[in-house]
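**Student:**
Number of protein chains: 2
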Amino acid sequence: MPTKYKGTPEEVQALDTYIKLQRATETSMSRTTAHLSNFDLTTSQFAVLEALYHLGTLSQRDLAEKLLKSTGNMSSVLKHIEKRGLISRERNENDNRYMRVCITGSGRTLIDSMFKEHVAGIVEEMSVLTSEEQAELARLCRKLGLRET
Amino acid sequence: MPTKYKGTPEEVQALDTYIKLQRATETSMSRTTAHLSNFDLTTSQFAVLEALYHLGTLSQRDLAEKLLKSTGNMSSVLKHIEKRGLISRERNENDNRYMRVCITGSGRTLIDSMFKEHVAGIVEEMSVLTSEEQAELARLCRKLGLRET
DNA sequence: ATAAAATAGTTAAACATTAAACGATTTAAT
DNA sequence: ATTAAATCGTTTAATGTTTAACTATTTTAT
Chain G
0 MPTKYKGTPE EVQALDTYIK LQRATETSMS RTTAHLSNFD LTTSQFAVLE ALYHLGTLSQ
60 RDLAEKLLKS TGNMSSVLKH IEKRGLISRE RNENDNRYMR VCITGSGRTL IDSMFKEHVA
120 GIVEEMSVLT SEEQAELARL CRKLGLRET
Chain H
0 MPTKYKGTPE EVQALDTYIK LQRATETSMS RTTAHLSNFD LTTSQFAVLE ALYHLGTLSQ
60 RDLAEKLLKS TGNMSSVLKH IEKRGLISRE RNENDNRYMR VCITGSGRTL IDSMFKEHVA
120 GIVEEMSVLT SEEQAELARL CRKLGLRET
């Protein structure tokens, strides 16, 4: 998907890499999250449940930081999965500003029932790349995302 | 950001690569589109304008395919930038099902005024990678996105 | 101790996004 | 020619998302 933009070779390469990164990520994420609708989960809801499942109780602030989302977004997403009984919330007794967000038994059961399938989809998605290519892609992403060595 | 998941080495590497790809893309896209708010443009609105600017008149269906979005989404995004006078729409005379979406003079002027800055931001973002690294990242993304050699 | 600053979470407004139902138009099948 | 199927765009419902204003709580400065 080379851009139509006429620029210096440096600009053309940066734009080309940029758009390919964007497209590949979009399509990869789309393919690997399509099955979530079978469990009536949105990608955001799944991300929250998965974080709580693997990391344990977190505050909404910590969740927002882990997931790169705003606190307002957390309020909204948590409201839905709380209503469905997949998570529970209570005030932190030591500091009443904080909420302690926990995954419930029901939420844990749901993740238990589908996480293997989820991982299998990701392994399948990544299997077009060799182990060495995956390592190199991870390295380049780390360098790009952190903007540091 | 290695996952907590205990799996086979293949699973661990796939998950690690997957999450790094997702995070790097999110942060890169976030950094390179932050300036759009200076022009009262959302990323979706900018994507539409940029496509029309560089590709010329397109139908809403074609726009949706280029941008990997639904036709319902196109209806919504186009409504906003049409109201603002940045694009115009008319029915295709040969086939009345189609809309012909054009960027207006006003829309063109807006993109003219900020596209160089946009490109500069992307070049700056990508500049943490050498030219060879960018080429390799593009290659890996192409392979991953298309799921073909 | 008290006032100011900082922090956590909620809410509202605005826009994005999709799926599904829908109406309008065109094409294909017979 | 008529019917059936396909295609394009719109709308609605539901959810996601951010920013900014807001409340409540805690911490800091004096």
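Chains as they are written, first to last, in numbering that gives the first Met the number 0: chain G, 0 to 148; chain H, 0 to 148. C-beta: ideal position from N, C-alpha, C; glycine also.
1. Can you grab the Cα-Cα spacing for the pair arginine 30(H) / alanine 33(G), in whole Å?
2. With which residues is arginine 150(H) paired in a DSSP beta bridge?
3. Near cysteine 101(G), what residues of its chain come up, given a Cβ to Cβ distance below 6 angstroms and the 5 sequence neighbours on each side ignored?
4. Going by DSSP in three states, serine 57(G) sits in which element: helix, strand or coil?
5. Taking the alpha-carbon positions, what's the leucine 54(G) to glutamate 64(G) distance?
6. Using a Cβ cut-off of 8 angstroms (strictly closer), state whether valine 118(H) contacts chain G.
7. Measure from the alpha carbon of threonine 103(H) to the alpha carbon of each residue in Gln12(H), Leu77(H), Met125(H), Lys115(H), then state which is nearest.
8. Can you give me the Cβ contacts of leucine 136(H) inside the same chain, cut-off strictly under 7 angstroms, excluding the 5 residues immediately before and after it?
9. For leucine 48(G), is the classification buried or exposed, using 16 other Cβ atoms within 10 angstroms of its Cβ as the cut-off for buried?
10. Alpha carbons only, please: which of Glu116(G), Arg60(G), Ser75(G), Arg107(G) is nearest the one belonging to arginine 90(G)?
11. Does any CB atom of chain H fall closer than 8 angstroms to the CB of lysine 142(G)?
12. Give me, in chain order, the residues of the same chain whose beta-carbon lies closer than 6 angstroms to that of valine 11(G); leave out the 5 immediate sequence neighbours on both sides.
13. Can a CB atom of chain H be found closer than 8 angstroms to the CB of glutamate 10(G)?
14. Distance check for alanine 119(G) and serine 75(G), CA to CA, integer angstroms please.
**Tutor:** Here's the rundown:
1. 27 angstroms
2. Because chain H spans 0 through 148 in this model, residue 150(H) falls outside it and cannot be assessed.
3. Thr56, Ser87
4. Here the sequence assigns leucine to residue 57(G), which means serine is not the residue at that position. Of the three classes helix, strand and coil, the one that applies to leucine 57(G) here is strand, per DSSP.
5. 13 angstroms
6. yes
7. Leu77(H)
8. Leu128
9. buried
10. Arg60(G)
11. yes
12. none
13. yes
14. 29 angstroms
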